[in-house]
Amino acid sequence: MVLSETYQKAFNYAFTLHRSQKRKGSGIPYLTHLVSVSALVLENGGGETEAIAALLHDAAEDQGGEKTLKEIEDLFGKKVASIVEECSDSLTDSPDTREEWKTRKEKYLASLAHKSPEAVLVTLADKLHNARSILHDYKVKGEDLWELFQGRKTGSLWYYKSILEILDSKYASSRLLQELKHVVSEIERLSV
Numbered sequence: 001m002v003l004s005e006t007y008q009k010a011f012n013y014a015f016t017l018h019r020s021q022k023r024k025g026s027g028i029p030y031l032t033h034l035v036s037v038s039a040l041v042l043e044n045g046g047g048e049t050e051a052i053a054a055l056l057h058d059a060a061e062d063q064g065g066e067k068t069l070k071e072i073e074d075l076f077g078k079k080v081a082s083i084v085e086e087c088s089d090s091l092t093d094s095p096d097t098r099e100e101w102k103t104r105k106e107k108y109l110a111s112l113a114h115k116s117p118e119a120v121l122v123t124l125a126d127k128l129h130n131a132r133s134i135l136h137d138y139k140v141k142g143e144d145l146w147e148l149f150q151g152r153k154t155g156s157l158w159y160y161k162s163i164l165e166i167l168d169s170k171y172a173s174s175r176l177l178q179e180l181k182h183v184v185s186e187i188e189r190l191s192v
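According to our numbering, the residues represented by the sequence shown are 1 to 192, in order.
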């Protein structure tokens, strides 16, 4: 597969939206997460549409809500916007007006079994990259790392284990799901 100029346009759009964001724990530019998720999607059978959605999966949630989602639809089409919407746990204009963390996560988990296969692919790539980052950062920062997460250790592990439980029956053969299981188990083992 050869990526088109639309992918480059999506990369530039993601760069513009997220260029000042940093990753929790490491301070690495947030764009690295988006590129990594997009790469995981491509490496696991996704096409350009899903790879673009992976680049933009946090755009509406973190950078403008419904307005940004509409802009994504205008720029990249309904399918990309639909995947981004399915991957978002909030579409408010500002992170300050979001529902409480646990409420958002419970609603997201309740919808997870009904998401499109394309959204599940992006979700698994996203959660795997996040879990890998948590594992790496935990090895550096130890228990202090959990202070950076709204769910702290207990809530974060609950969330990841719930994702695994919900997706296991339908996506058990997914390489991404299997690696996510391994990484979450390792985080759990180290952070007893």
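All residues carry an ideal CB built from backbone N, CA and C; glycine is no exception.
Residue environment, residue i, which counts as buried when at least 16 other CB atoms sit within 10 Å
i: Val192; result: exposed
i: Asp74; result: exposed
i: Gly25; result: buried
i: Lys67; result: exposed
i: Lys102; result: exposed
i: Leu190; result: exposed
i: Glu100; result: exposed
i: His18; result: buried
Euclidean distance between Cα positions of residue i and residue j
i: Tyr7; j: Ala51; result: 8 Å
i: Val28; j: Lys22; result: The question names Val, yet the displayed sequence has Ile at residue 28. Going by the C-alpha atoms only, they are around 5 Å apart.
i: Ile163; j: Met1; result: 30 Å
i: Val184; j: Tyr159; result: 10 Å
i: Val132; j: Lys70; result: Correcting the residue type first, residue 132 is Arg in the shown sequence and not Val. The straight-line gap from Cα to Cα measures roughly 31 Å.
beta-carbon residue i near the ligand FMN non-hydrogen atom, thresh 7 Å
i: Trp158; result: Looking at this structure, you won't find the ligand FMN or any other ligand, since it has none at all.
Selection from the options that minimises the alpha carbon distance to residue i
i: Glu106; options: Leu42, Leu40, Ile166; result: Ile166
i: Asp58; options: Gly45, Val122, Asp168; result: Val122
Sheet register partners of residue i (DSSP bridge)
i: Pro29; result: Lys22
**Report entry** Touch test, the region 35-54 against the region 137-151, Cβ-Cβ under 8 Å, three pairs minimum
**Finding:** no
Query raised in the report: Are there three or more Cβ pairs, one per stretch, closer than 8 Å when the region 75-95 is compared with the region 27-41?
Result: no
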